[in-house]
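Chemist: First residue of the sequence shown? That's 0 in numbering that gives the first Met the number 0, and the numbers climb one at a time after it. Ideal Cβ placement from N, Cα and C applies to all residues, glycine included. As the structure is a prediction and not an experimental result, all values here were calculated from the model.
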Amino acid sequence: MAKVITFTNQKGGVGKTTTAAAFCGAFVAKGKKVLAIDLDPQGNLAFGLGADDDEYTIHDVLIGKVSIHEAIQTTHNCDVIPSNILLSGLELELSSVGREYVLKEKLASIMKFYDYIVIDTPPALSILTINSYIACNDLIIPMTPEILSLQGIAQLKDTIIAVKKYYNKSLNLRGILLTKYNERILLTKEVEELASIVAGQLGSSVLKTKISVSVAVAEAPAHKMSIVRYAPRVKASRDYVKVVDELYGEELR
Ligand code: ADP
Ligand code: MG
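1. Compute the Euclidean distance between the alpha carbons of Pro220 and Ile226, then round it to the nearest angstrom.
2. Can you tell which of Thr158, Ser195, Thr208 and Asp157 has the C-alpha that lies nearest to the C-alpha of Thr178?
3. Quick one: is the Cβ of Lys179 within less than 7 Å of any heavy atom of the ligand ADP?
4. Compare the C-alpha of Glu99 against each of Asp114, Pro81, Ile129 and Ile57 and name the closest.
5. Looking at C-beta atoms only, is the number of pairs between the segment 16-23 and the segment 223-240 that lie closer than 8 Å three or more?
6. Considering Ala20, what are the terminal residues of the alpha helix (DSSP H) in which it resides?
7. In three-state terms, what does DSSP make of Asn171?
8. Is Asp52 closer than 8 Å to Asn8 when the C-beta atoms are compared?
9. I think Phe46 touches Tyr115, with their Cβ atoms under 8 Å apart; what is that distance to the nearest whole Å?
10. Buried or exposed: Asp157, going by 16 or more other Cβ atoms within 10 Å of its Cβ?
11. Can you tell which of Leu34, Ala198, Glu192 and Leu85 has the C-alpha that lies nearest to the C-alpha of Phe112?
12. Run through DSSP, which three-state label would Ala35 get?
13. For Ile116, which three-state DSSP category applies?
14. May I have the straight-line CA-CA distance separating Ser213 from Val96, to the nearest angstrom?
15. Given the structure, does Ala1 come close to the ligand ADP, in the sense that its CB is under 7 Å from one of the ligand's heavy atoms?
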């Protein structure tokens, strides 16, 4: 049975997509069977993993136009279900009862084919985000160590608490992952402390491994590869391999 991991933060530009791709790359490097689901209407994850967005998308799956099997593409990285801009209209297209559970239901029939299903989410707290929280086992919050990153985190916190309480009791917030990390910047430590307070309120913590700033990160999607595959030697790649080991090392060995 697959373990489903969602990357979330209603702020854009914090490294959700980069991190989702990197985790896929790290799992594949360990010989695992991986499916990446792009739940962001911008479609960056699927693009960066080499999927074709002219095919069926997760939008088609969620509205019941095609089966989830028909929307899975096999790329040179891993299996991928792409997204497109139509996904942003989903809120209006789903029927009102049970709309939070659609993704979970769709995943049920493919859970046995994968070791890990990785979900990238949009920078919003929408029906898509809620669906991803309900469908997953593990939640990881990528965050940049800037003071503005803490803005809006209370709202994220309330959403996670509500989903845990009403919909998915076994939802496991694995931690806040600090990205674009540069310890030489003075404010970083201060923000890290604040982030750790927030994480504590959610019964979680800031992950020990931080992801360093590396210029190669921006180049990887153009080459249709995750950073861990495109530039395995750069610090950010080594950090990603390390954090995957911190979180999933035991089951990967
Ligand atoms: P999100 O999905 O949260 O919007 P992205 O993963 O798209 O965030 O990252 C936002 C931008 O930051 C991208 O241009 C990406 O290349 C860059 N970026 C992400 N992580 C790093 C890193 N560790 N070092 C340098 N740039 C990064
Ligand atoms: Mg993104």
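Modeler: On the basis of the supplied data:
1. 8 Å
2. Thr208
3. yes
4. Ile129
5. yes
6. Lys15 to Ala28
7. strand
8. The answer is no: Cβ separation not under 8 Å.
9. The pair is not a contact, with the Cβ atoms about 20 Å apart (cut-off 8 Å).
10. exposed
11. Leu34
12. strand
13. strand
14. 45 Å
15. no
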